[in-house]
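Asks:
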Amino acid sequence: MPTFTQGIDVANELSKELIAADFGPFYATPCGILSPLHRTLDELVGVLTVAREDNAVGIAVGASLTGRNPVVLMENAGLGLSLSAIASLVVPYKIPMLFVVDVRVATDEQPGAALPGESVILRKLTVPLLVGLGVETFELEPDTPLAEQVNLIRESVQDQRRPAALLIASDTSGLPR
Amino acid sequence: MNKTAAIQAIISATSTAQPVVFTTDSTCRIAQVVEDRPNHFYLTASTGLAGSLGIGIALETRRPTVIVDSYSNLVRNPVGLITAGTLVDLPLIHIVLDDGLYGSGHTSPPPSDRADVLALARASGYTDVSTTTQLDKFTTLLRGGLAKCHSPVLVRAVLTHPDSPMPYPSDSDPAIHATRFHAHLSILDDDARAA
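These protein sequence lines map, in sequence, to chains A and B.
My numbering numbers the first residue of the first sequence as -11 and each following residue consecutively.
My numbering numbers the first residue of the second sequence as 198 and each following residue consecutively.
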């Protein structure tokens, strides 16, 4: 997986930090940007790949009810597909879980050039959608240690028993678009 | 057999050691009225996700987990079925209550009423698939499935008779309901460790 400017392997480090913070099990729908994270987590602890994001959310809710701290990896288009599941299940039942969501953005070198139209729309909608749902949202910051960021997310999900989302932008993670 | 009789049979055949997920609308309302137990999880919305929820519970607890689904909800989102079929050692009993109607309280037939959920389950990897219109056979299939539940099985109950009107259970806070269910699973987990 490409790196932050500090030269760290984001997929590897984020995977380790999430696992160390007692997150899991992990579920994912296919997503090119998150595939390095998906692959690394699968190698370390296993990932169940689910064909649709709302079904992955449903499975994660089941896991959460057993006392686990599940994580669903999805592209932000899948967040729209999961809207009903989050609004009617995760939020009213107060299910603690973590969404890891990619946000496709253009690079400085090619602003907007490689982004299909739906990515532009979905990028605008992602944060307002999560805020509207009441899901606490974190954005992966290149300049902040991953352990520190994961600890904040852990506090939200595991201590405060809330759903939360970690947004990974394709440019800040240096991931392929 | 009507839906109420099928749900009574399910509740009679299961113990509180077995998580049971009831799909939305009349299915969970009837279950609450027949007998409300702490091992029951009632979906108030999230059409089509009962199966997925059951998968998550069964994967983590490894306990025989019962999904009480409806035909119309299942055909609206069969991905849970497809996912469960790939998990060959998942202790899951997927019951499909098929009244040939779309949703609760409606009289129009479902738009996918020719979809063969039995064939879909088989193709997805369910090891045992059966269907019946008879309550006694349904009970036998259910008890048999629970007795040797080591992989996903599907039982379709064809509902041929209407239900009598049932009172609506009192509204409860979904978050409190989830907490009760989680607490019950924790007790089962503690008991299993102690044993």
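Where a beta carbon is used, it is the ideal one built from N, C-alpha and C, also for glycine.
1) Would B:Asn270 pass as a contact of B:Thr213 if the rule is Cβ separation under 7 angstroms?
2) For B:Pro275, decide whether its Cβ has a neighbour in chain A, counting only Cβ atoms nearer than 7 angstroms.
3) Do you know whose CA, among B:Tyr323, B:Ser243, B:Ser223, lies nearest B:Thr280's CA?
4) My output table needs one value for A:Ser3: the three-state DSSP class, helix, strand or coil.
5) Going straight from the alpha carbon of A:Ser76 to that of A:Asn64, what length do you get?
6) Return the first residue and the last residue of the beta strand (DSSP E) that B:His237 is part of.
7) Indicate the three-state DSSP secondary structure (helix, strand or coil) for B:Arg353 in the structure shown.
8) Residues of the stretch 61 to 89 of chain A in Cβ contact with chain B at a cutoff of 7 angstroms, in chain order, please.
9) Report the option in B:Leu250, B:Arg311, B:Asp296, B:Ala316 whose CA atom is closest to the CA atom of B:Ser223.
10) Taking the beta strand (DSSP E) that A:Glu127 belongs to, which residues open and close that run?
11) Can you give me the Cβ contacts of B:Thr258 inside the same chain, cut-off strictly under 8 angstroms, excluding the 5 residues immediately before and after it?
12) Between the stretch 344 to 356 of chain B and the stretch 20 to 33 of chain A, do three or more beta carbon pairs fall short of 8 angstroms?
13) Could you give the DSSP three-state label for A:Gly34: helix, strand or coil?
14) Can you tell me whether B:Thr220 is helix, strand or coil according to DSSP?
15) With 7 angstroms as the threshold, decide whether the Cβ of B:Leu278 is near any Cβ in chain A.
16) Below 8 angstroms on the Cβ atoms is my contact criterion, and I expect A:Leu121 with A:Val59 to pass it. Report the Cβ-Cβ distance as a whole number of Å.
17) Less than 6 angstroms separating the Cβ of B:Val350 from some heavy atom of the ligand MN?
18) So is A:Leu53 in contact with chain B if we call contact Cβ pairs under 7 angstroms?
19) If you scan the stretch 44 to 90 of chain A from start to end, which runs of the alpha helix (DSSP H) of 4 or more residues do you find wholly inside it?
20) With a CB to CB cut of under 6 angstroms and the five nearest residues on each side skipped, what residues in its chain are close to A:Ser161?
21) Going by DSSP, what residue range makes up the beta strand (DSSP E) through B:Thr329?
22) Under 9 angstroms between beta-carbons, which chain B residues line up against A:Asn43? List them in chain order, please.
23) Using the C-alpha atoms, what's the distance from B:Ala228 back to B:Leu278?
24) Identify the contact partners of B:Thr211 in chain A, using a Cβ-Cβ distance below 8 angstroms as the criterion.
25) Counting Cβ pairs closer than 8 angstroms, one from the stretch 31 to 38 of chain A and one from the stretch 229 to 244 of chain B, do we hit at least three?
26) From A:Asp131, A:Val123, A:Ser158, pick the residue whose C-alpha is nearest to that of A:Arg150; which is it?
27) Taking Cβ positions, are A:Ala153 and A:Phe87 nearer each other than 7 angstroms?
28) Give, in chain order, every residue of the stretch 22 to 42 of chain A whose Cβ lies closer than 8 angstroms to some Cβ of chain B.
29) Closest by CA to B:Ala312, which one among B:Gly342, B:Ser327, B:Asp266, B:Pro275?
30) Between the C-alpha atoms of A:Leu128 and B:Pro288, what's the straight-line distance to the nearest angstrom?
Replies: Taking the geometry as given:
1) Your numbering for residue 270 of chain B matches position 73 in the second sequence. Your numbering for residue 213 of chain B matches position 16 in the second sequence. Their beta carbons are not under 7 angstroms apart, which means B:Asn270 does not touch B:Thr213 by this criterion.
2) Position 78 of the second sequence, counted from the first residue, corresponds to residue 275 of chain B. Taking Cβ atoms only, chain A never reaches closer than 7 angstroms to B:Pro275, which makes this a no.
3) For the purposes of this step, residue 280 of chain B is identified with residue 83 of the second sequence, where counting begins at 1. Ranking B:Tyr323, B:Ser243, B:Ser223 by Cα distance to B:Thr280 puts B:Tyr323 first.
4) Within the first sequence, numbered from 1, the residue matching residue 3 of chain A stands at position 15. It is helical.
5) Here residue 76 of chain A corresponds to residue number 88 of the first sequence, with the count starting at 1. Here residue 64 of chain A corresponds to residue number 76 of the first sequence, with the count starting at 1. In a straight line, the C-alpha of A:Ser76 is about 19 angstroms away from that of A:Asn64.
6) The residue given as residue 237 of chain B occupies position 40 in the second sequence. 237 to 239 is the extent of the beta strand (DSSP E) around B:His237.
7) Working through the second sequence from its first residue, we reach residue 353 of chain B at position 156. In this structure, B:Arg353 counts as strand in the three-state DSSP scheme.
8) Ser72, Ala73, Ser76, Leu77, Pro80, Tyr81, Lys82, Ile83
9) Here residue 223 of chain B is taken as the residue at index 26 of the second sequence, counted from 1. Of the listed residues, the one whose Cα sits closest to B:Ser223 is B:Asp296.
10) Counting from one through the first sequence, the residue named residue 127 of chain A turns up at place 139. Run containing A:Glu127: 124 to 127, per the beta strand (DSSP E) assignment.
11) Looking up residue 258 of chain B in the second sequence gives position 61. Pro216, Leu382, Leu385, Asp386, listed in sequence order.
12) no
13) Position 46 of the first sequence, counted from the start, is the residue given in the question as residue 34 of chain A. A:Gly34: coil per DSSP, three-state reduction.
14) Here residue 220 of chain B refers to the residue found at position 23 of the second sequence. In the structure shown, B:Thr220 sits in coil (DSSP, three-state: anything other than H, G, I, E or B).
15) Residue mapping note: residue 278 of chain B aligns to position 81 of the second sequence, counting from 1. It does not: the Cβ of B:Leu278 has no partner Cβ on chain A nearer than 7 angstroms.
16) Translated into positions along the first sequence, residue 121 of chain A becomes position 133. Translated into positions along the first sequence, residue 59 of chain A becomes position 71. Beta-carbon to beta-carbon, A:Leu121 and A:Val59 are separated by about 17 angstroms, too far to satisfy the 8 angstroms threshold.
17) Of the ligands one can find in the structure shown there are none, so the ligand MN has no counterpart to examine.
18) What you label residue 53 of chain A is simply residue 65 of the first sequence in a count that begins at 1. Cβ-Cβ to chain B under 7 angstroms: yes for A:Leu53.
19) Counting only runs of 4 or more residues that sit fully inside the stretch 44 to 90 of chain A, the alpha helix (DSSP H) segments are 64 to 69, in chain order.
20) Sequence index remark: in the first sequence, residue 161 of chain A carries index 173 (1-based). Since pLDDT at A:Ser161 reaches only 46, below the 50 mark, its modelled position is unreliable, and no value is offered.
21) What you label residue 329 of chain B is simply residue 132 of the second sequence in a count that begins at 1. Note, B:Thr329: beta strand (DSSP E), 325 to 329.
22) For the purposes of this step, residue 43 of chain A is taken as residue 55 along the first sequence, with counting starting at 1. Neighbours of A:Asn43 on chain B, chain order: Gly245, Leu246, Gly248, Ser249, Ile252, Asn274, Val276, Gly277, Ile279, Thr280.
23) By 1-based counting over the second sequence, the position of residue 278 of chain B is 81. By 1-based counting over the second sequence, the position of residue 228 of chain B is 31. Taking the straight line from one Cα to the other gives about 22 angstroms.
24) Locating residue 211 of chain B in the second sequence gives position 14, where the first residue counts as 1. Correct list: empty, because the minimum Cβ distance to chain A is about 17 angstroms.
25) Segments in contact, no.
26) Walking along the first sequence from the start, residue 150 of chain A turns up at place 162. When only C-alpha atoms are compared, the closest one is A:Val123.
27) What you label residue 153 of chain A is simply residue 165 of the first sequence in a count that begins at 1. What you label residue 87 of chain A is simply residue 99 of the first sequence in a count that begins at 1. Cβ atoms of A:Ala153 and A:Phe87: closer than 7 angstroms.
28) Leu36, Val38, Ala39, Arg40, Asp42
29) As a first step, residue 312 of chain B must be located in the second sequence, where it is residue number 115. Selected option, being the one with the closest Cα: B:Pro275.
30) Counting from one through the first sequence, the residue named residue 128 of chain A turns up at place 140. Counting from one through the second sequence, the residue named residue 288 of chain B turns up at place 91. The straight-line gap from Cα to Cα measures roughly 38 angstroms.
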